[in-house]
Amino acid sequence: MAQIVTKATRESFGEALCELAKTNENIVVLDADLAAATKTSIFEKSFPERFRNCGIAEGNMIGVAAGLASCGKIPVAASFAMFATGRAFEQIRNSVAYPELNVKIAGSHAGISTGEDGATHQCLEDIGIMRTIPGMTILNPADHYEMIAATKAAIEHQGPVYIRLGRLAIPSFNDPDNYSFELGKGITLHEGNDITVIATGLPVNETKKAVENLEKEGISVRLINIHTIKPIDRDIIIKAAKETGRIITVEEHNVIGGLADAVCEVTSSECPVPVRRIGVNDCFGYSGPANQLLEIFGFTAPSIEKVIKKELAKK
Amino acid sequence: MNSTDTNQLKILAAKARRGAIVGTFHAKSGHPGGSLSAADIFTYLYFKEMNVDPSNPNWADRDRFVLSKGHCCPSLYAVLALKGFFPMEELEKLRHVGAMLQGHPDMKGTPGIDMSTGSLGQGISAACGMALCAKIDNKDFRVYTVLGDGECEEGEVWEAAMFAAHKGLDNLVVFVDCNGLQIDGSTAQVGGVEPLDKKFESFGFNVLKIDGHDFDQIEEALNTAKNTKGVPTAIIAKTVKGKGVSFMENQVGWHGKATNAEEFEIALSELDAQIKELEG
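Line by line, the protein sequences give chains A and B.
Residue numbers for the first sequence, in our numbering: 1 to 315.
Residue numbers for the second sequence, in our numbering: 1 to 280.
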């Protein structure tokens, strides 16, 4: 097992981008006055000639990215998830996705773990917003190693990609020696037959702990990590629904619009099973230290364990 | 420009207007007013200014054009057809199911369209991205975009204007088709977008004011733009909405409706008479 790296996925993203740009000269990075926070500043330092700060104007930044892509560049436009997907939604929809342009949109400070900045900056809707756009690929990596692989995949993929980045430093759980990232394919992190938990992004690590704790009690939980929310891995979900009969989803996002809905869309038509959704329950967040908020909003292993047990009791 | 060239452009522009009327008539919808006001600018760009190759529309080093006021595509389509990007017959299928020519420009399906537009304010940003690409790659292609004056009420236009000036995009020319009218009335009544020349000046543009129907003035402005280094150029073109069709000129009602059969015949006869006279 490789060393555990404790790092925010935004930082892993910034480093990965810089590494990829060494061999791919088409990568151009745009930011909207948040380079220090989204970590595109790492790229800027190494490749200033391929970096442009667009100022606090996200809509224009996405349009500029579309123009660059139409000329063969691979533009990466970064901002906070809230502004990248919220403010610039329509530019993404009409100037990027409709013409199928090769633009990569990075949304940092996603989720409740943005912490002290509070509700206006804790984006809980980005996945839902991006999921409604035809042809959009949505990546939500869960740790340092997954982010490095996902960034590479995003650059290599031809077409628009939204990649979700977190602010909070989190420990890695993947083993890079035994890890392989395939766009659109979920990863079974833990085998089990009593129930399936499908998690994405930051809470995957805590969910994994919960599942491992339950195993010690003799409870067999299947854990699936979904790093690609669109296109979703239908096969892995249908198989889990058929074999375990009950699913729990875990995401640092509104329970409306995100992973939960993506999973339900598959199960409801292919293999209807009860799906319990762990996420932010259609409300806004508030200020506070990230780890405290994650505990309050139920994203720690003990909370997740409780929900799993509750759901198992219904079987 | 010599008088033969001017005459030739006038003929092409009248044919472009004719194409816009034909297209919108067969579509039973569309935007003739602005299509007619911008027709001379489109004609000049494609027949005198831009380095493009209709047989190789995706040529990497071509000059780019972005119709930021995407709804005025009927006359742009006609210009592209006249230039040879696709057959004139396509105009009659405008806005029909399965047609190449969509209600607003679609770069995926239409040869010669460099950017999909239609949502106002967005085209100028994409044009900035193209101009930036030329700068990054040290290429000398130029980028042209046409905005409506009403469109300039969109905040994104000014985000893009700030970007273009700050990044020194002197390879970008922004035309504003100032026909003074938008859907709900005059630009003065609806949004108070003027004075556009002062706005672009204050954003750091080289600003030129011209008559948007005068080819000599269009030519002179574009030559000045080419010789202006370090800053982008905005050409504020005073135009007449509905230009070339008597009953459409300066009428707000012709922003977004097609002619009926009777109006269609009158419009065509007027444009055909103009073409005949110009062709001598």
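Built from N, CA and C at the ideal position, the CB exists for glycine as well.
A straight-line Cα-Cα distance of about 23 Å links I235 of chain B and A78 of chain B. Burial of K243 of chain B is indicated by the presence of at least 16 other C-beta atoms within 10 angstroms of its C-beta. In this structure, the straight-line span from the alpha carbon of E270 of chain A to that of L101 of chain B is close to 39 Å. Contact fails between the stretch 57 to 70 of chain B and the stretch 261 to 279 of chain B, because fewer than three Cβ pairs, one in each stretch, are under 8 Å apart. Assignment of V275 of chain A by DSSP, reduced to helix, strand and coil, places it in the strand class.
Listed along the chain, the chain B residues whose CB falls inside 9 Å of the CB of E90 of chain A are S119, Q122. Using beta-carbon distances, N205 of chain A does not count as an interface residue toward chain B, since no partner is under 8 Å.
Taking a Cβ-Cβ cut-off of 7 Å, F42 of chain B has no neighbours in chain A, whose nearest Cβ is about 19 Å from it. According to the DSSP assignment, E251 of chain A belongs to the beta strand (DSSP E) that extends over 247 to 254. The residues I113, S116, in chain order, have a CB closer than 8 Å to that of D106 of chain B in the same chain once the five nearest residues on each side in sequence are set aside. When DSSP states are grouped into helix, strand and coil, Y144 of chain B belongs to the strand group. The stretch 221 to 229 of chain A makes contact with the stretch 193 to 211 of chain A; the number of CB pairs closer than 8 Å reaches 3 or more.
Secondary structure of D233 of chain A (DSSP, three-state): coil. Residues of the same chain with a CB within less than 7 Å of the CB of P171 of chain A, apart from the 5 flanking positions on each side, are I4, T6, N205 in chain order.
Ranked by Cα distance from G72 of chain A, the first of B:P74, B:V173, B:G129 is B:G129. With contacts defined by Cβ atoms closer than 8 Å, T40 of chain A and L17 of chain A form a contacting pair.
Using a Cβ-Cβ cut-off of 8 Å, D53 of chain B does not count as an interface residue toward chain A, since no Cβ of chain A sits closer than that to its own. Segment contact: the stretch 283 to 300 of chain A against the stretch 6 to 25 of chain B, fewer than three CB-CB distances shorter than 8 Å; contact not assigned. L168 of chain A and G111 of chain A have their C-alpha atoms some 10 Å from each other. For G109 of chain B, the three-state secondary structure derived from DSSP is coil. Using beta-carbon distances, E92 of chain B does not count as an interface residue toward chain A, since no partner is under 8 Å.
DSSP places S70 of chain A in the helix class (H, G or I) of the three-state scheme. By the Cβ criterion, the stretch 100 to 115 of chain A is in contact with the stretch 73 to 89 of chain A, since at least three pairs of Cβ atoms, one from each stretch, lie closer than 8 Å. Neighbours of F163 of chain B in chain A, taken as residues whose beta carbon is under 8 Å from its own, are C54, G55, A57, N60, V64 in chain order. Between the stretch 249 to 265 of chain A and the stretch 144 to 157 of chain A there are fewer than three inter-stretch CB-CB distances shorter than 8 Å, so the stretches are not counted as touching. Leaving aside the five residues that flank I56 of chain A on each side, the residues in its chain whose CB is nearer than 8 Å to its CB run, in chain order, A32, D33. With contacts defined by Cβ atoms closer than 8 Å, V207 of chain B and D197 of chain B form a contacting pair. Between the alpha carbons of C123 of chain A and L45 of chain B lies a distance of about 44 Å.
Along the stretch 131 to 158 of chain B, the positions whose C-beta sits under 7 Å from a C-beta of chain A are L132, C133, I136, E156, read in chain order. For K135 of chain B, the enclosing alpha helix (DSSP H) stretches over residues 122 to 136.
When DSSP states are grouped into helix, strand and coil, Y162 of chain A belongs to the strand group. Between the stretch 125 to 139 of chain B and the stretch 167 to 175 of chain B, the count of Cβ pairs shorter than 8 Å is three or higher; the stretches touch.
Between the alpha carbons of G148 of chain B and V275 of chain A lies a gap of roughly 50 Å. Looking at the backbone, the Cα of I232 of chain A and that of I304 of chain A are separated by about 23 Å. One finds I136 in chain B with Cβ atoms closer than 9 Å to the Cβ of R50 of chain A, taken in chain order. Between the C-alpha atoms of M88 of chain B and A20 of chain B there is a straight-line separation of about 11 Å.
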